[in-house]
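To start, the structure under review is shown below, and the notes come after it.
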Amino acid sequence: MIRDALLRSPLPMLVIVGLSWWLLVPALKVEPRYLPPLAAVIADIRSVWPDLLAGFWRTFVETVVGFLFGAGAGVAAGIGFARWRWLERGIFPIFVALQSVPVIAFGAIVVIWFGNTLASKVVIALYLAFFPIAVNTLRGLQAVDPQRVALMRSFGASPRQMFFTLSLPTALPTIMIGLKIGLSLSLAGAIVGEWFGDTVGLGVMLLQALYFEQVPRLWGLILTCGALGTLLYGGAEWIERRFIWWRAE
Numbered sequence: 449m450i451r452d453a454l455l456r457s458p459l460p461m462l463v464i465v466g467l468s469w470w471l472l473v474p475a476l477k478v479e480p481r482y483l484p485p486l487a488a489v490i491a492d493i494r495s496v497w498p499d500l501l502a503g504f505w506r507t508f509v510e511t512v513v514g515f516l517f518g519a520g521a522g523v524a525a526g527i528g529f530a531r532w533r534w535l536e537r538g539i540f541p542i543f544v545a546l547q548s549v550p551v552i553a554f555g556a557i558v559v560i561w562f563g564n565t566l567a568s569k570v571v572i573a574l575y576l577a578f579f580p581i582a583v584n585t586l587r588g589l590q591a592v593d594p595q596r597v598a599l600m601r602s603f604g605a606s607p608r609q610m611f612f613t614l615s616l617p618t619a620l621p622t623i624m625i626g627l628k629i630g631l632s633l634s635l636a637g638a639i640v641g642e643w644f645g646d647t648v649g650l651g652v653m654l655l656q657a658l659y660f661e662q663v664p665r666l667w668g669l670i671l672t673c674g675a676l677g678t679l680l681y682g683g684a685e686w687i688e689r690r691f692i693w694w695r696a697e
């Protein structure tokens, strides 16, 4: 049982990568500008630990709040597109076109509207999370078996009953895929949003480290962002395994 759990866990691979970084970089005399020794990265993380913890929490809040708003809007839009086809034909192409706008350009407009506040980071995170969630909600609802719909109608089921007992359960696994993608994109949006001006956040620290060419700090921040993304994704995976254990056909 322990062996199977280890095989399913990313921990062994993380240990292998960490040991390889620790041993091979000094042994191969890799230039620090390309990849600094792991010991130097850990030492830099310890030196800025309070700032790193504050930045981690700020980016976490921006990501989660933006994701929650984006998830609500995306699921609602997907349901609307599935319910009213004219809405899908008229508005969905606009959302597709908006996704082609670079996040940097969109972020600049958002900062002008909302200023360098928490709200602007949340809006950018929402913007990136919305589309994949809306698309997966629409596709999940469209995957409902028409024969099952006809069967429920023959038993006199109302549209509300059909939605909550057939359409939504069928679509939930697909919606969950969109939610996990949207969560990852929300983190990217929160970090990019911090580049437009802020005093706290992992994005701020990344920009400062890049400006001063602090390579060990850059790698430490990359590891921290990866840990935050893993934490968020792992939470979504746990929710899926716990509450959405079935799969769409």
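Residue numbers (this note's numbering): 449 to 697.
Built from N, CA and C at the ideal position, the CB exists for glycine as well.
Minimum Cα-Cα distance from Pro550 among the listed residues Ala530, Trp505, Gly637, Phe612 corresponds to Gly637.
For Glu642, the uninterrupted alpha helix (DSSP H) run begins and ends at 616 to 642, by DSSP.
Contact between the region 664 to 676 and the region 485 to 503 is present, with at least three C-beta pairs closer than 8 Å. A distance below 8 Å separates the beta carbons of Ile623 and Val523. For Asp499, the enclosing alpha helix (DSSP H) has its first and last residue at 497 to 531. With respect to the 8 Å criterion, Gly649 and Thr507 are classified as neighbours on the basis of their beta carbons.
Comparing alpha carbon positions, the residue from Arg587, Ser634, Gly604 closest to Leu620 is Arg587. When the five nearest sequence neighbours on each side are left out, the beta carbons in the same chain lying within less than 8 Å of the beta carbon of Trp470 are those of Pro485, Leu486, Ala487, in order along the chain. The continuous alpha helix (DSSP H) containing Gly651 extends over residues 650 to 659.
The criterion of a C-beta distance shorter than 8 Å is satisfied by Leu566 and Glu510. In this structure, Phe578 places its C-beta atom within 8 Å of the C-beta atom of Ala521. Contact annotation, Gly641 with Ser568: C-beta distance approximately 6 Å; criterion of less than 8 Å satisfied.
Following the DSSP letters along the chain, one finds Trp561 inside the alpha helix (DSSP H) bounded by residues 551 to 562. In the displayed model, Asp593 falls within coil according to three-state DSSP, outside both helix and strand. Setting aside the 5 residues that flank it on each side, Met610 is surrounded in the same chain by Val597, Met600, each with a C-beta closer than 7 Å to its C-beta; the list follows chain order. The region 525 to 543 and the region 678 to 692 do not touch, with fewer than 3 CB-CB distances between them shorter than 8 Å.
Annotation for Phe691: the continuous alpha helix (DSSP H) segment containing it runs 663 to 691. Per DSSP, Ser548 lies in no alpha helix (DSSP H) and is assigned neither H nor E. Annotation: the continuous alpha helix (DSSP H) that includes Ala475 extends over 459 to 476.
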